[in-house]
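Each residue of the sequence shown is one higher than the last, beginning at 1 in UniProt numbering. Worksheet: one structure, shown below.
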Amino acid sequence: TFPQPYWIIPSIHESLPLPFPGYHRISQAIPSSVVDHLADSPEFTKGETCSRFLYCARSCTHNDGPFIDKSFYGNLDSLCLNGLKALGVQTDTEDVCALIFKFLTSHNQSVRVMRIYRFLQKFNWTRKLGNDLIYQLWIPDHIGGGKWVSSWDCVLHDKDNLFGHCLHALDKYYGTRLLNFLSKLYVVAEFPCLDRYIDLWDSWVGGNHELSAIKLNSFWKYISENWNSSTEESLKTRLTMLPAMEMSGKLRVVKNEELFIPDDLLLKMAFSKVSEKPLFVWFPQNGLSAFSRLYEIYRSLGIRKISEVVEFSVNCKFEKLESEESLIGRPLIKVVLSFLSNPLIIMPVVERHRRAKSLLDISLFGTEEPMIVSYSLVLPSPKKRLQVEVRKKVLWDNKSQRLLLHKPSWKEGHKDIEFITNFARAISEAVLPNSTTDLVDSLCKIIKMSFAFGFKEDEIDSLLVTQNLELSADDERFLDCAFPPFKSSLVSIELLLSRLESPCTPETPFNEELRTPEKKPRLN
Numbered sequence: 001t002f003p004q005p006y007w008i009i010p011s012i013h014e015s016l017p018l019p020f021p022g023y024h025r026i027s028q029a030i031p032s033s034v035v036d037h038l039a040d041s042p043e044f045t046k047g048e049t050c051s052r053f054l055y056c057a058r059s060c061t062h063n064d065g066p067f068i069d070k071s072f073y074g075n076l077d078s079l080c081l082n083g084l085k086a087l088g089v090q091t092d093t094e095d096v097c098a099l100i101f102k103f104l105t106s107h108n109q110s111v112r113v114m115r116i117y118r119f120l121q122k123f124n125w126t127r128k129l130g131n132d133l134i135y136q137l138w139i140p141d142h143i144g145g146g147k148w149v150s151s152w153d154c155v156l157h158d159k160d161n162l163f164g165h166c167l168h169a170l171d172k173y174y175g176t177r178l179l180n181f182l183s184k185l186y187v188v189a190e191f192p193c194l195d196r197y198i199d200l201w202d203s204w205v206g207g208n209h210e211l212s213a214i215k216l217n218s219f220w221k222y223i224s225e226n227w228n229s230s231t232e233e234s235l236k237t238r239l240t241m242l243p244a245m246e247m248s249g250k251l252r253v254v255k256n257e258e259l260f261i262p263d264d265l266l267l268k269m270a271f272s273k274v275s276e277k278p279l280f281v282w283f284p285q286n287g288l289s290a291f292s293r294l295y296e297i298y299r300s301l302g303i304r305k306i307s308e309v310v311e312f313s314v315n316c317k318f319e320k321l322e323s324e325e326s327l328i329g330r331p332l333i334k335v336v337l338s339f340l341s342n343p344l345i346i347m348p349v350v351e352r353h354r355r356a357k358s359l360l361d362i363s364l365f366g367t368e369e370p371m372i373v374s375y376s377l378v379l380p381s382p383k384k385r386l387q388v389e390v391r392k393k394v395l396w397d398n399k400s401q402r403l404l405l406h407k408p409s410w411k412e413g414h415k416d417i418e419f420i421t422n423f424a425r426a427i428s429e430a431v432l433p434n435s436t437t438d439l440v441d442s443l444c445k446i447i448k449m450s451f452a453f454g455f456k457e458d459e460i461d462s463l464l465v466t467q468n469l470e471l472s473a474d475d476e477r478f479l480d481c482a483f484p485p486f487k488s489s490l491v492s493i494e495l496l497l498s499r500l501e502s503p504c505t506p507e508t509p510f511n512e513e514l515r516t517p518e519k520k521p522r523l524n
């Protein structure tokens with residue numbers, strides 16, 4: 001006969017698990033009401049399996065889970081483990097941890113949850129795949145409480161603090177050791193993924209969220225650093241609006257088809273003044289190398305360069321300049337070839353020589369009149385034509401392959417800064433018609449520096465060395481053929497090109513974009 005549950009006292013409890021022959025047969029007949037009343041924490045439901053773990057007192061208290069109350073029984077070590085197991089008490093490490101984890105979300109005090117997390121970490125416990133436990137993770141507050149949230153809404157780090165409204169960054173609440181343990185226990189992502197970033201962008205667009213340069217920097221830095229074909233496809237599908245800056249400096253989002261890439265600063269300034277809404281997609285002002293792909297990203301999303309879409313006309317009388325009057329001589333071609341042969345630019349020798357020759361074949365026209373260029377831009381929505389006038393001293397006409405010059409400025413040469421800037425920009429655009437703005441700017445800068453040296457070849461050689469540029473052997477031969485030291489030379493550029501291994505065709509593959517190795521020298 002077994003005592004009623006309310007008769008059970010410590011001495012009776014201690015007598016139950018004592019081993020003796022036939023104990024296991026008798027233990028099966030112990031009423032469940034007795035097992036249910038083995039003293040454990042009153043906070044846990046009666047009838048749940050009790051657990052007793054030898055080391056629990058060092059990490060947990062009996063109120064942290066359905067532990068047998070040591071203060072009630074006295075010396076637990078006097079009890080027989082096999083006897084406890086026979087009564088359904090959990091003693092195995094794996095079973096105890098699993099049971100504690102099951103009761104974890106019943107707690108609402110940070111000190112208890114942290115104590116249990118450390119207990120589980122101590123034994124490096126991991127939950128089994130496929131079980132049906134509720135995966136809720138504890139986010140503490142500053143007053144000792146907190147809340148349970150889905151592990152799906154957590155990441156380990158949100159280094160730019162972009163996701164505070166929708167995600168919980170665990171590194172704000174947990175130290176490194178617990179952080180690593182929880183990341184495995186709950187399978188928490190280290191950082192927000194691409195879908196999270198696109199969802200964030202959608203929330204900015206749909207919620208009339210006020211954009212800031214800091215947030216845009218962080219967003220596009222992530223996109224740039226993780227740019228690949230999959231990222232490109234996701235952005236093409238989901239990003240229908242992009243950032244733009246108003247004249248007041250305020251940032252807003254505009255439909256993709258209504259924006260342009262500001263590859264010409266003069267045109268950007270002129271059209272921004274006459275447009276009621278922003279026309280140009282946003283670029284960072286600090287020129288960080290992390291954004292070197294932003295131009296490529298915008299192009300892949302269908303954003304056109306302003307120089308490609310405008311129409312222009314010049315009402316001046318031009319006359320063709322003689323070849324001896326041209327500024328396109330051996331020093332300039334040497335600069336261009338050295339730039340294109342840089343290992344950071346992937347361009348075959350055939351393509352380099354084709355571009356150099358096309359530069360030599362450019363027709364130069366000059367005018368004595370002020371060169372006022374009229375530009376017009378047709379906006380897609382609403383159908384409206386914007387017109388501006390820009391004074392220029394050099395203009396590259398890509399359609400007719402002509403270089404138009406203001407002769408008085410041309411005669412001033414290196415003394416006219418505006419002419420030098422316009423000329424360097426025109427030559428760079430002629431050599432790199434479909435390249436990134438960064439690449440065009442780099443070549444433009446070197447050409448302007450060459451003007452400062454008066455395009456003297458010896459000094460140009462020194463300049464190229466300072467820019468980590470040098471002429472290849474193939475380019476040297478091309479240069480000698482284009483500018484032979486003796487007029488009697490029978491070798492022509494055409495003959496040199498014909499001797500190259502591969503023919504020069506429009507299909508010749510090359511990459512005009514700057515590579516991004518771990519350590520790359522800058523093209524200043």
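Just so you know, even glycine gets a beta-carbon here, dropped at the ideal spot from N, CA and C. If you're wondering where the values come from, they're calculated on a predicted model, not measured in any experiment.
- Between the region 347-355 and the region 247-254, the count of C-beta pairs closer than 8 angstroms stays below three; the two stretches do not touch.
- Closest by C-alpha distance to ALA169, out of PRO140, GLY454, ARG112, ASP195, is PRO140.
- The closest CA to that of SER151, considering only GLU210, ASN124, ALA189, LEU463, is found on ALA189.
- Listed in chain order, the beta strand (DSSP E) elements of length 3 or more contained wholly in the region 328-381 are 363-367, 372-379.
- Around the beta-carbon of GLY145, fewer than 16 other beta-carbon atoms lie within 10 Å, marking it exposed.
- Annotation: ASP64 to ILE116 spans about 7 angstroms, alpha carbon to alpha carbon.
- CYS97 places its beta carbon less than 8 angstroms from that of TRP125.
- In the same chain as VAL388, and ignoring 5 residues on each side of it, the C-beta atoms closer than 7 angstroms to its own belong to ALA270, PHE271, VAL274, TYR375, in chain order.
- The shortest CA-to-CA distance from LEU99 to any of LYS122, ARG127, ARG118 is the one to ARG127.
- Residue environment analysis places GLY366 among the buried positions, since at least 16 neighbouring C-beta atoms fall within 10 angstroms of its C-beta.
- Proximity to PHE339 across GLY207, LEU162, LYS445 peaks at LYS445, based on C-alpha coordinates.
- Between LEU294 and ARG252, the CB-CB gap reaches or exceeds 8 angstroms.
- Taking a contact as a CB-CB distance under 8 angstroms, the pair VAL373 and VAL314 counts as one, their CB atoms being some 5 angstroms apart.
- Under a 10 Å Cβ-count criterion, ILE214 is classified as exposed, with fewer than 16 other Cβ atoms of the shown protein chains found around its own Cβ.
- Using a 10 angstroms sphere on the CB of LEU265, the tally of other CB atoms stays under 16, which defines it as exposed.
- Beta-bridge partners assigned by DSSP to ILE261: LYS305.
- DSSP, read as helix, strand or coil, puts GLY206 in helix.
- Here LEU332 has no same chain residue with a Cβ atom under 6 angstroms from its own Cβ, once five neighbours each way along the sequence are excluded.
- In the three-state DSSP reduction, TRP282 falls in the coil class, being neither helix nor strand.
- Secondary structure remark: continuous beta strand (DSSP E) runs of at least 3 residues inside the region 101-149, in chain order: 136-140.
- Just so you know, the alpha carbons of SER300 and LYS236 end up roughly 8 angstroms apart.
- Counting only the Cα atoms, SER106 lies some 56 angstroms from LEU279.
- Counting along the chain, SER234 sits inside no beta strand (DSSP E); it lies in the alpha helix (DSSP H) bounded by residues 229-238.
- At the C-beta level, ALA244 and TRP282 come within 8 angstroms of one another.
- Counting along the chain, no beta strand (DSSP E) covers ALA189, and no H or E run does either.
- Residue LYS268 holds the alpha-carbon nearest to the alpha-carbon of LYS305 among THR231, LYS268, MET347.
- Put simply, the backbone Cα of TYR197 is about 38 angstroms away from that of PRO348.
- For PHE163, same chain residues with a beta-carbon under 6 angstroms away, outside a window of 5 residues either side, are PRO192 in chain order.
- Annotated three-state conformation of PRO243 is strand, per DSSP.
- Per DSSP, GLU311 is one residue of the beta strand (DSSP E) stretching across 311-314.
- With a 10 Å radius around the Cβ and a threshold of 16 neighbouring Cβ atoms, ILE143 comes out exposed.
- Excluding sequence positions up to five before and after GLU429, its CB lies within less than 7 angstroms of the CB of TRP396, VAL440, all in the same chain and listed in chain order.
- Residue pairing of TRP396 in beta bridges, as defined by DSSP: LEU403.
- The distance from the Cβ of LEU403 to that of MET371 is about 12 angstroms, inconsistent with a contact at the 8 angstroms cut-off.
- Looking from the CA of PRO284, the closest CA among PRO262, GLY302, GLU276, ILE303 belongs to PRO262.
- By the CB criterion at 8 angstroms, SER218 and SER341 fall outside the cutoff.
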